[in-house]
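Here is the structure we will look at.
In our numbering, the protein residues as written are 51 to 428.
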């Protein structure tokens, strides 16, 4: 740890959303200064950072200047252009490396990497025409899921195709690269958020159980109610992926747990993840503090869970009838409120989350849902 980047140093974040905000809060608590870079102003990260640089990611001279003013650069979302990460790396270490970004920001590259490395992955094919789609449908059987290869999240850039789909449908996406995946009949969706240090050390927060609504994460609970053998396998797969990619930082592995008891890797996120937000309140070291420790070369912190926990997302829909009833929700015992400082609530937009600790995960989930329901103006 002789080359560790110590408190008092400046850390750069490419991106300025809620993940960067929570990272910045953790970093400032440990005595670091935080610079954020994005095309926007008065951002969730910028509101708590020491320096907010406003420039386009394609402005590589601005990126280089930004990187020269910090000791290390990390990112809070994976759709940072590869050229941006490369320009930053000319002036400061970028962690995780741009090579990790290159794999994970494209679904086709990501799935190919996982398959070729021997990790269990949903069956897929690259498709470039209607004929390719029809051939894959014959191979996989209906339904299937057509996705853009680039820039997909929260269900964006994908469409389900089944026997009722008109054969001569138009391409739903104009993206140059597309991927078609077999439909997975899963019992539940789970995730493992894990970290890897510069020295190869590994830490994780166990298995997290996730429920989605309209393709957006709705509720997460930890620990997940899965067999211990499944939990161990999920963690070992995550460890293998972080090692194979040589990740320095935090990465989330999202899994399908099928009805036949198999684990299939669905997606990777090379950063803190929405399902790991409960670690702020429920664990000794949060995913955001761990990201800071990893990229700065500090020892990884303990991920021991303090109590069972549930996290419920707060979307912009809650504001449709006026300001949410914050006092009513906060009156429920052991509710922790996290808001992201976003200026405009919109349906489907993540505005914040609630975390509840309790003696059991079912009780934590019940209280989290009750607290969210209490927010709705009457």
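For every residue, glycine included, the Cβ atom is placed at its ideal position computed from N, Cα and C.
Check: According to DSSP, residues forming a beta bridge with residue 262; Outcome: 267
Check: Three-way DSSP call (helix, strand, coil) for residue 211 in this model; Outcome: strand
Check: Exposure of residue 154, with buried meaning 16 or more beta-carbon neighbours within 10 Å; Outcome: buried
Check: CB contact flag (residue 359, residue 406, <8 Å); Outcome: yes
Check: Distance between residue 138 and residue 230 (C-alpha atoms, nearest Å); Outcome: 34 Å
Check: Beta-carbon gap between residue 373 and residue 427 smaller than 8 Å; Outcome: yes
Check: Continuous alpha helix (DSSP H) assignments of at least 4 residues falling wholly in the segment 96-151; Outcome: 110-118 and 132-139
Check: Among 401, 259, 400 and 417, the one whose alpha carbon lies nearest that of residue 408; Outcome: 417
Check: Nearest neighbour of residue 171, chosen from 284, 125, 106 and 327 [CA to CA]; Outcome: 284
Check: Cβ neighbour criterion (16 or more within 10 Å) applied to residue 187; Outcome: buried
Check: Boundaries (first-last residue) of the alpha helix (DSSP H) holding residue 330; Outcome: 329-332
Check: Proximity winner among 164, 190, 157 and 116, relative to residue 142 (alpha-carbon distances); Outcome: 116
Check: Candidates 276, 340 and 287, of which the one nearest residue 311 by Cα; Outcome: 276
Check: Beta-carbon proximity of residue 190 to residue 321, cut-off 8 Å; Outcome: no
Check: Burial state of residue 334, where buried means 16 or more other Cβ atoms lie within 10 Å; Outcome: exposed
Check: Proximity of residue 82 and residue 59 at Cβ, strictly below 8 Å; Outcome: yes
Check: Cross-strand partners of residue 371 (DSSP beta bridge); Outcome: Note: residue 371 sits in no beta bridge, so no partner.
Check: Sufficient close CB pairs (3 or more, under 8 Å) joining the segment 103-114 to the segment 143-150; Outcome: no
Check: Residue 451 (DSSP reduced to helix, strand or coil); Outcome: Given a span of 51 to 428 for the chain in the structure shown, any question on residue 451 remains unanswerable.
Check: Residue 55, DSSP secondary structure in three states; Outcome: coil
Check: Pairwise C-alpha distance: residue 227 and residue 86; Outcome: 31 Å
Check: Touching by the beta-carbon criterion (3+ pairs, under 8 Å), the segment 338-346 and the segment 288-296; Outcome: no
Check: CB of residue 122 within 8 Å of CB of residue 64, strictly; Outcome: no
Check: Top-ranked residue by Cα proximity to residue 411, from 101, 232, 357 and 196; Outcome: 357
Check: Cβ distance (whole Å) where residue 259 is taken to contact residue 238 below 8 Å; Outcome: 6 Å
Check: C-beta contact flag for residue 414 and residue 379 at 8 Å; Outcome: no
Check: Three-state secondary structure (DSSP) of residue 84; Outcome: strand
Check: For residue 361: DSSP bridge partner residues; Outcome: 270 and 405
Check: Among 72, 71 and 156, nearest to residue 130 - alpha-carbon criterion; Outcome: 156
Check: Sequence-distant residues of its chain with Cβ nearer than 8 Å to residue 385 (five each side left out); Outcome: 379, 404, 405, 406, 417, 418 and 421
Check: Span separating the alpha-carbon of residue 53 from that of residue 317; Outcome: 33 Å
Check: Proximal residues to residue 99 (C-beta, below 6 Å), its chain only, five neighbours per side dropped; Outcome: 74, 84 and 86
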